[in-house]
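Contents: one structure, followed by commentary.
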Amino acid sequence: MKKIKSLDDLRQMKKNLEQGMNIREKSDTPESLIQIRVAMATCGIAAGARGVMNTLIERIEKDKIPAIVTQGGCMGYCYAEPTIEVKIPGKDPVVFGNVDTAVANQIVDKYILNGELIDGVIPTNYQTINEKK
Amino acid sequence: MAQYKMHLLVCGGTGCRASQSDVIVKNLESSIKELGLSEEAQVVTTGCFGFCEKGPIVKVIPDNTFYTQVKPEDCEEIVREHVLKGRRVYRLLYEDPETQKHIEDSKHMGFYQKQLRIALRNCGFIDPENIDEYIARDGYAAIGNILAEMSPEQAIDIMKKSGLRGRGGGGFPTGIKWEIASKNKADQKYVVCNADEGDPGAFMDRSILEGDPHSVLEAMAICGYCIGASKGLIYIRAEYPLAIKRLQVAISQAREYGLLGDNILGTPFSFDVELKYGAGAFVCGEETALIHSMEGHRGEPTVKPPFPAEKGYLGKPTNVNNVETLANIPVIYLKGAEWFASIGTEKSKGTKVFALAGKINNVGLIEVPMGITLREVIYEIGGGIKGGKKFKAVQTGGPSGGCLTEKHLDTPIDFDNLLAAGSMMGSGGMIVMDEDDCMVSVAKFYLEFTVEESCGKCAPCRVGNKRLHEILEKICAGKGTEDDLEYLKNLSYVIKDTSLCGLGQTSPNPVLSTLEHFYDEYLAHVRERICIAGRCKALKLYTILPDKCTGCTACTRACPVGAITGEKRQPHVIDVDKCIRCGACYDKCKFTAIHVQ
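Respectively, the protein sequence lines represent chains A and B.
Using the working numbering, the first residue of the first sequence is number 1, and each one after it goes up by one.
Using the working numbering, the first residue of the second sequence is number 1001, and each one after it goes up by one.
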């Protein structure tokens, strides 16, 4: 191990290290973040969900977007896999279908960063038990 | 650090380890490897999550899924279902005792919702054996900033403004303590961390050292800079092997990075830490006794003054702080004194860690802002009383504290309110009692502890506590008189007033507070010879209900003293004078015909 010789060294080191911890920091305050859930059931994975998830995670890290990517189970939209659900704080969740890596980048650029919807939105017609009071 | 998409945090505290959490780590890792997910998921051994009731705990990040009571054989399923396919393993989720619904993530658990974790901020969050994870969370940034920008006086001033008070029990303002030690001139001064956690039922210091040792080391270095000490000592009991191991790892990592040792971060300031082991005597939590023990002498207290700040370890000015106090310190410097002072009540700032134990659903470690009510702690965080029984009292402050009763449920908890209620903060043990607990026996239990732990140096504590214990035993044995109650009270005050150190000065508190709040129960013991809770064996009255007794003679054969007589198939009778109240008949009877009063 290398000695840390100054406060600047320490700060630089923190910067290099924090990336690995970001996911834990973010998950500590999930409500205030954009939550992206990638459907990762068998059909989702077969259609390429894992690649989509990786792309999203890399984009978020690169552009320092306050978002968190989680895995979800099957959402039932088998005809449109891979599907992802994006929930921006204060807004209703939006589900996108047929998301490949290119579409994933588009979603980040247009919807997440600029609030514009893109093609491929699946109208949500469900409520989850968490919302039902 | 590599970029993982999923972190599986496994509790590596003493409690969860005892239930094989180390095997769980191995199994998770091998399952992850088998399924080719090594690039995606990381298994991290962390400190205590606090939810010890349902350990071992595995928490999955980023979705905060909180798996409880995980067994080594569950690991494969967790990896196959959750890591690979994103499906939670429902049967392992925490089940809300009230609604009986599975709770998907820790953010929705009542246990965590009211908590504010400052001292425990890294426990259950980072790997305590990896200094990099501590640095990633701004570790050692506080000492770095202080060394670069502040004089010791300025740093002490921040500590004073924060309003932090000692968490070991006394509640003395930390900033003032530092200021006194800094003003005493000497060629060598010492910073001592008191990790001699002795209260029965309290384990916050252990959990902090196991889960976040670096925050304690960093705080000691800060204190060293403030008071002008270059040496730190941690006095820790040898019966905390895991905490000792994690501290050793942390010290050697900090030394390798140059965060302990000479010229820290290129400044003239040097500071190093050494461990000193104690044999686990309660009295050694008292600072003068602690210092004597560290010097190799008997762990006996001496009269203060001189205070350790003037004449401490090896006769040099010494500043002693408790583990939890120290764990608060780095954050105070990072976030500011105003931030810390905005939490809590007027005279008690910040948070306090409590160890919940006893008849409560969620046994574990919690950290809450000062000023929270007992009701919130017991019913919302603690999940209420076990088995739906009735709340009777909660003992705070361990053997030095007292009982709080139903009428205190809505009192905001802080140092001063607890003292006013006849108890004390102590180190933060909270033992919850229900209607089945006999308060005389509770007082007796604590006295048994203090009699055992008294060092014997001064007579009031050595002899007085023994006498108190004898009287309590007499009352529990059904031989007490009303005069005894008066005697108990008087003797208690004498011990309090004349004992040398904090141990004796507080040891009668459990007696006094139970006498005050549960005088009826004492009276019932000595007047009617009844133990309302049915705890005191000698005060139990066993009778046979004639209409339920079938005359099977099972009890007759079970009775060791031949106190039960009766014809076959006829109701039997217990001879009260012969009966030794052992309860053998009660256990044997299949027809619930034995009645206990």
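Think of the CB as a built atom: it goes at the ideal place given N, C-alpha and C, for glycine as much as any other residue.
Subject >> Three-state secondary structure assigned by DSSP to A/LEU117 >> reply: coil
**OP:** Have a look at B/ALA1142 and B/LEU1326 and give me their C-alpha separation to the nearest angstrom.
**Re:** 13 Å
Original post:
Closest Cβ-Cβ distance between B/PRO1213 and chain A: below 8 Å?
Top reply: Chain A contact via Cβ: absent.
Original post:
Whole alpha helix (DSSP H) runs in the stretch 1009-1059 of chain B with 4 or more residues, listed along the chain?
Top reply: 1014-1018 and 1021-1034
Original post:
Closest by CA to B/THR1565, which one among B/CYS1582, B/PRO1062 and B/ILE1544?
Top reply: Of B/CYS1582, B/PRO1062 and B/ILE1544, the residue nearest in Cα terms is B/ILE1544.
Original post:
Comparing the C-beta of A/GLY20 with each C-beta of chain E, is any distance below 8 Å?
Top reply: Judged by its chain identifiers, the structure shown contains no chain E, and its protein chains are A and B.
Original post:
Among residues of its own chain, excluding the 5 on either side of B/VAL1526, which ones have a beta-carbon nearer than 8 Å to its beta-carbon?
Top reply: ILE1475, GLY1480, THR1481, GLU1482, ASP1484 and LEU1485
Original post:
Do the stretch 1166-1184 of chain B and the stretch 1230-1248 of chain B touch if we need at least three Cβ pairs shorter than 8 Å?
Top reply: Remark: fewer than three beta-carbon pairs, one from each stretch, lie closer than 8 Å, so the stretch 1166-1184 of chain B and the stretch 1230-1248 of chain B are not flagged as touching.
Subject >> B/GLU1129 versus B/VAL1249 - alpha carbon distance >> reply: 6 Å
**OP:** Buried or exposed for B/ASN947, please, with buried defined as at least 16 other CB atoms from any protein chain shown within 10 angstroms of its CB.
**Re:** The structure shown does not extend to residue 947 of chain B, since chain B is modelled only from 1001 to 1597, so the question has no answer here.
Original post:
Quick one, are the C-beta atoms of B/VAL1353 and B/CYS1193 less than 8 Å apart?
Top reply: no
**OP:** Decide if B/GLU1197 is buried, meaning its Cβ has at least 16 other Cβ atoms within 10 Å, or exposed.
**Re:** Buried.
**OP:** Starting from the C-beta of B/GLU1081, find all residues in its chain whose C-beta is less than 8 Å away, skip the five residues before and the five after it, and write them out in chain order.
**Re:** ARG1087, ARG1088 and VAL1089
Original post:
Helix, strand or coil: how does DSSP classify B/TYR1240 here?
Top reply: DSSP places B/TYR1240 outside both helix and strand once states are collapsed to three, so it counts as coil.
Subject >> Candidates B/VAL1561, B/ASP1212 and B/GLY1266: closest to A/ASP8 by CA position >> reply: B/GLY1266
**OP:** Please report how far the alpha carbon of B/PRO1056 lies from the alpha carbon of B/VAL1070, in whole angstroms.
**Re:** Taking the straight line from one Cα to the other gives about 6 Å.
**OP:** Report yes or no: do three or more beta-carbon pairs, one from the stretch 88-97 of chain A and one from the stretch 57-64 of chain A, lie closer than 8 Å?
**Re:** Contact fails: fewer than three Cβ-Cβ distances are below 8 Å.
Original post:
How many whole angstroms separate the CB atoms of B/TYR1257 and A/ILE4, which I take to be in contact at a CB cut-off of 8 Å?
Top reply: 5 Å
Subject >> Test: A/GLY90 CB closer than 8 Å to a CB of chain B >> reply: no
Original post:
In angstroms, rounded to a whole number, what distance separates the CA positions of B/LYS1588 and B/TYR1134?
Top reply: 58 Å
Original post:
Over what stretch of residues does the beta strand (DSSP E) that includes B/PRO1369 continue unbroken?
Top reply: 1364-1369
**OP:** Could you tell me which chain B residues have their CB closer than 7 Å to the CB of A/MET40, listed as they occur along the chain?
**Re:** Here the neighbours are LYS1085 and GLY1086.
**OP:** Tell me B/LYS1349's beta-bridge partners as DSSP assigns them.
**Re:** B/GLY1344
Original post:
Per DSSP, what kind of secondary structure is B/PRO1546 in: helix, strand or coil?
Top reply: coil
**OP:** May I ask you to verify whether the stretch 1510-1522 of chain B touches the stretch 1560-1575 of chain B, counting CB pairs closer than 8 Å and requiring at least 3?
**Re:** Taking 8 Å as the limit for Cβ pairs, the verdict is that the stretch 1560-1575 of chain B does not touch the stretch 1510-1522 of chain B.
Original post:
Out of A/LYS14, A/ILE36, A/MET40 and A/GLU25, which has the shortest C-alpha to C-alpha gap to B/VAL971?
Top reply: Because chain B in this structure spans residues 1001 to 1597, residue 971 of chain B falls outside the shown range and cannot be described.
Original post:
Measuring CA to CA, which of B/LYS1054, B/GLN1020, B/ALA1477 and B/GLU1040 is closest to B/LEU1365?
Top reply: B/LYS1054
Original post:
Starting from B/GLY1402 and walking both ways along the beta strand (DSSP E), at which residues does that stretch end?
Top reply: 1402-1405
**OP:** Under 7 Å between beta-carbons, which chain A residues line up against B/HIS1007? List them in chain order, please.
**Re:** ILE23 and ARG24
**OP:** Can you tell me which of B/SER1038, B/LEU1037, B/ALA1041 and B/LYS1059 puts its alpha carbon nearest to the alpha carbon of B/GLY1047?
**Re:** B/LYS1059
Original post:
Quick one: Cα of B/LEU1092 to Cα of B/THR1068, how far?
Top reply: 6 Å
Original post:
Could one say the Cβ of A/GLY73 lies closer than 8 Å to chain B's Cβ atoms, at least one of them?
Top reply: yes
Subject >> For B/GLU1435 and B/THR1405, the rounded distance between their alpha carbons >> reply: B/THR1405 and B/GLU1435: Cα-Cα distance of roughly 12 Å.
Original post:
Which residues in the same chain have their Cβ closer than 6 Å to the Cβ of A/ILE88, if we skip the five residues on either side of it in sequence?
Top reply: ILE34
**OP:** Give the single residue among B/GLY1124, B/SER1031 and B/GLU1098 whose Cα lies nearest to the Cα of B/VAL1044.
**Re:** B/GLY1124
**OP:** Run the CB neighbour count on B/ASN1509, radius 10 Å, all protein chains shown included, and call it buried at 16 or more, exposed below.
**Re:** buried
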